[in-house]
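These notes are about the structure you will find just below.
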Amino acid sequence: MVSPTSKSEEKETPSPRNVYHIGGLQVRFPYQPYGTQLAFMSRVISTLDRSQRDGRCHALLESPTGTGKTLSLLCSALAWQQSYTSRFPKGNLARKRSIFIPDTQSPSSTEPSNVVEVEIPSRTPTIFYASRTHAQITQVIREYRKTAYRVPMAVLGARKRSCTNRRVQRKPYLNEICRSLIKDRMKPKCPEFIGTDEIVAHPSLQQNEVHDIEDLVKIGYTVRGCPYFASWDMFDKAQIVFCPYSYIVDQVIRESNEKKLRNKLRGAIIIFDEAHNMEDIARESGSIDLGEETLFKLQSELQDIAVEVPQIYQPVCDVIDGLIRWIGSKKDSLAKRDPQHYFSSWTGDKALRELEESNITRKDFLKLSKRFNMAIETSEKLHHLSEISLSTLQELLTTLGYFFSRDGNHILDYELGLQRRFIKRGDEGDSSGKWTHTLSLWCMNPSVVFKAIVDLSSSIILTSGTLSPMDSFSSELGMQFGSCLEAPHVVDANQQVWAAGIFSGPNNQPLNASYKTNNEYPFQDALGISLEEICSIVPGGSLVFFPSYKLMEKLCTRWRQTGQWSRLCLEKDIFIEPSGGATGEFENVLKEYYDCIGGKKRLFGGRNRRAVDFKKGGGGGAFFAVCRGKVSEGLDFSDDNARAVIIVGIPFPNLRDVLVELKRSYNDTFKSSRNLLGGGEWYCQQAYRALNQAAGRCIRHRFDYGAIIFLDERYRQQRNRVSISKWLRQSIKLYDNFEESMQDLKSFFPSAKKHVDSKMLSYKEVIDLECVVQTEPETSVVINGSSAASPFSCSSGLTLERGGSASVNSHALKRRKFINSAANIIDLEKDNDQDMTTRKIEFGSDSSTETRARVQISCLLCRSPLGHPDNNGSSYLSCLVTRSSKKYLLSLLKETSRSEMPTSVSVIVTDCSLVDQRLCAEEGEEGVWCEQDGCVFNTIFCPFCSVPNTTCLGVQIMATDSSNVQFLSKMLFFSDHLNVMGDAAIKETLLEHKGD
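Under our numbering, think of the first position of the sequence shown as 377, with each following residue one higher.
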């Protein structure tokens, strides 16, 4: 049962209505949680509880984008951590763990020597929150700021993002330069390193204040300190650590910094967010690609230093010499794949025999690994090798360590490969180039890498908005999940999402983007016309995803030849995701797209740029991108940025890709012995995981709406829809007739907009307010569920119930009362144990001229936003624009104006929970009782203006008598003191009020 906690149950909580009983814990949550969030937090807590009882427990949790997944994870995990000492005084019941150390142990014929029993110290588990990129970590920390939890924290990042030494921060090989400057820690040559302690001791970081890398960098510039090393200093005491995946998955990083990271990971809770690609990430972490030029550079450096220090570097140099000789002996006998690509691979004993030619043997690997480690450690201290060469040695040692680990049991999990490719040098039409050779040792089984992390931790939580299909995670990662969840969306999928499979274009031309038919002109032309029709209907922005860059470029070329491209551009500005371009190039295109949706005209120039003054159709822009590309991964395209996501075909991986071929073959071979999905099943799951990720770019919060369109006749078959995300799959409509689908699409957008506007403007949440009304003949005042006479100290006690899904949280709906009225109903429930009255009061104003809206408001003087970012990161707030004749309001207006006091004033009415909480009265703060108004008021001033208490914004109603309870916990802002951004109806109402 989930319920709000009373003040007596949690005295330290400043806002009891934001504390909920979930899984036996009191969880502080900054908003009224959705049913999806309650179910999500319950699963997190039960997983962590089981990890202490059973030694380990892991979870696989999918919650669609916009459902507040990150906030739910943080609040539930931190609540559990906070209660750990009292609930688990003896710590984890499984006191010993088997720890796998892959690269330093020798294979043997007996028990694996690289599995050791370690005693886990009794301590509160550290929470590691890992995401793919630094930008995503910044977003997670932004969510952490919203919580009531404050524990010692650390945020880890790369040197290049945190260096404040202006002399070196923009130089290449920054890591190498940094190490050289501080190699003598007693007399470092970097002044910023000397000031590291100044950052840690900075006042803004005390009391466990939340910070991200950017905050540390700002402080670093202020005090002239090093944010990178400051973050590692804070790491020692941190109870929650934010970091990229690589800090946990990559063994080289995990074992660095005097193994501080690995030690802290023991018994830890590890949360991998955006974990839909975790299988690929783990495989890549256990693999290596060595280009011939990289090996030549490493060989040259080793040969030079081996002359001076032969006992350390000569054995390593011999190995690199052997690898180069081996490449030379094999490169002319590789199997031909096409005229510009040759490839051969070996696995098992065949791979062992090939490596033996390079002086890498199973028998002597322990001795060799010691030589490698000695060379690496010496070079780190004395800087004998360049950063690239040192990194190459570390990666080679790690990969070979996995290869030979577990008494050689993983030899069959690897493919030793050699590729010979012709790489063109010039532009299109220039055939000149050169042949390159790449030696690869590829991991086919991600559990080889991931098991080390599983053995270290007590619980791993993999989560994402699009984990589906989930079948492969357990077998591929080699771990059992004690809890799995596919949570529903918080939107009404039938009203806010138009999901459709369209099988044919105009003139009934079948749409099939498979490799067998995508070269045919009838398909290409029909697809172009279909996109033109869709773009003419969809307002705002559209994202069009193709299975590959090759197909996208092929289609664009055809459409330019036929004139279809010009017709598409008449409907929307077209933007194309760069193929393998630099980050800056992609960001420029993305910014242009956002600007276009925002109403800015595009500039002339370039293949991807057009200048169009007007559009005859839906307007806005269309972004052509590929599944698995940057547009499909983690970017936010809310509201008009993606009113439609159009997916062309099914994004199966390239069958001719060497790695895809080898992985399919590996899974088929070891399907039974390693309990893996068959190669075909694995291949299909990769396609639908990419598809779901692309589809997830649409519908980013509960007030969003849009169309998700699958253009391919293969979606007619049930087997091609069964792996689409559960929340979306159930809503897909199937169309054989293109014209019929377009008619339904046309009717969807006005209908969806009307539904969302109604949802936002009419406050459809049911207010479930439990309060005592004192039955006195004169005035009774409702204060936080109790009554009192003025003067008094008070605070609001309003509880809002938001719509949720009964399928995930039916118990939370037992006391919920749904109504069809546009007005809020406050239900004062009768308690048999107390003297209470029961009544229903419609929330309204004292004026007939009112407009309900969803707006952004800011101070008219300083322009600071006043809305509280909601659960979806939006600063919009729902409000009522009306006129009020409250005497206290009018008296405040009189104080700021010399004119006669008006009989009413234009106000914007909203709930306290929707505004920046710095506007609200602090707990214990006294209000002003106005008997004529029947309310207790707190005058609110803009907290952001440079001169305090100068801009009176309005009032907060802290308490009311029984006849004004509809105003309880409301904010009444003076309309004339705000800058209001909203629709035309709002502006018209405000103008009417000014004219009154």
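By construction, the Cβ of each residue, glycine as well, lies at the ideal position given by its N, Cα and C atoms.
If you follow the beta strand (DSSP E) that residue i is part of, which residue opens it and which one closes it?
i, result
"Y790", "790 to 800"
"K547", "Note, K547: premise wrong, no beta strand (DSSP E); not H, not E."
"G667", "664 to 667"
"H717", "717 to 722"
"A1063", "Unbroken run through A1063 is the alpha helix (DSSP H), 1055 to 1071; no beta strand (DSSP E)."
"K1047", "Run containing K1047: none; DSSP gives neither H nor E here."
"R1095", "Counting along the chain, R1095 falls outside any beta strand (DSSP E), and DSSP gives it neither H nor E."
In its own chain, which residues sit with a C-beta less than 6 Å from the C-beta of residue i, not counting the 5 before and 5 after it?
i, result
"T893", "F899"
"R1092", "F879"
"H760", "I681"
"E1413", "It is not possible to answer for residue 1413, since the shown part of the chain is limited to 377 through 1372."
"P691", "R747"
"Q716", "F798"
"M1347", "T1286, C1288, V1291, Q1332"
"H1353", "L1236, L1329"
Nearest-angstrom Cα distance between residue i and residue j?
i, j, result
"R362", "N1314", "There is simply no residue 362 to check, as the chain begins at 377 and stops at 1372 in what is shown."
"G1082", "S632", "47 Å"
"A511", "C619", "11 Å"
"P954", "I1022", "18 Å"
"F1085", "A876", "Contrary to the premise, residue 1085 reads as Ile rather than Phe in this sequence. Rounded to the nearest angstrom, the two C-alpha atoms are 5 Å apart."
"C1238", "L832", "51 Å"
"I703", "R729", "14 Å"
"S1107", "R642", "44 Å"
"M1212", "Q1293", "Legend: pLDDT at M1212 = 29, less than 50; position of this residue unreliable, value from coordinates given subsequently. Each residue's Cα considered, the two are about 31 Å apart."
"I1316", "I1100", "49 Å"
"R521", "S580", "14 Å"
"V1331", "S1282", "13 Å"
"L758", "V625", "28 Å"
"N1355", "S1234", "5 Å"
"N884", "E909", "14 Å"
"N1196", "Q408", "Summary for N1196: the model assigns pLDDT 31, below 50, so the residue's position carries little reliability, and this model does not support an answer."
"R426", "T839", "18 Å"
"G1358", "L1253", "10 Å"
"C911", "F1124", "14 Å"
Once the 5 residues before and after residue i are set aside, which same chain residues still bring their CB inside 7 Å of it?
i, result
"C1255", "A1229, V1231, I1284, V1285, T1286"
"L1035", "W818"
"M928", "F922, F1000, V1002"
"F464", "Q428"
"D697", "Q675"
"D665", "T814, S816"
With a threshold of 16 other CB atoms inside 10 Å of the CB of residue i, please say whether the residue is buried or exposed.
i, result
"Y1042", "buried"
"Y597", "exposed"
"D612", "exposed"
"R1040", "buried"
"L1031", "exposed"
"E669", "exposed"
"E1298", "exposed"
"R543", "exposed"
"Q1308", "exposed"
"E650", "buried"
"G533", "buried"
"R1073", "buried"
"Q1062", "buried"
"G1054", "exposed"
"Y1111", "buried"
Could you spell out the range, first to last residue, of the alpha helix (DSSP H) harbouring residue i?
i, result
"F741", "741 to 758"
"L1237", "L1237 -> no alpha helix (DSSP H), and no H or E assigned at all."
"T774", "763 to 784"
Could you check whether the Cβ of residue i sits closer than 8 Å to any Cβ belonging to chain D?
i, result
"V593", "Structure shown: chain D not included; a single protein chain is present."
For the ligand GTP, any of its heavy atoms closer than 7 Å to the Cβ of residue i?
i, result
"L794", "In the structure shown, the ligand GTP is absent, as is every other ligand, since no ligand is present at all."
Scan the region 669 to 693 and note each continuous alpha helix (DSSP H) run of 4 residues or more that stays entirely inside, going in chain order.
none
At 3 residues or longer, what runs of the beta strand (DSSP E) sit wholly inside the region 571 to 637?
616 to 620
Only counting runs of 4 or more residues, tell me where the alpha helix (DSSP H) segments fall wholly within the region 1110 to 1136, in order along the chain.
none
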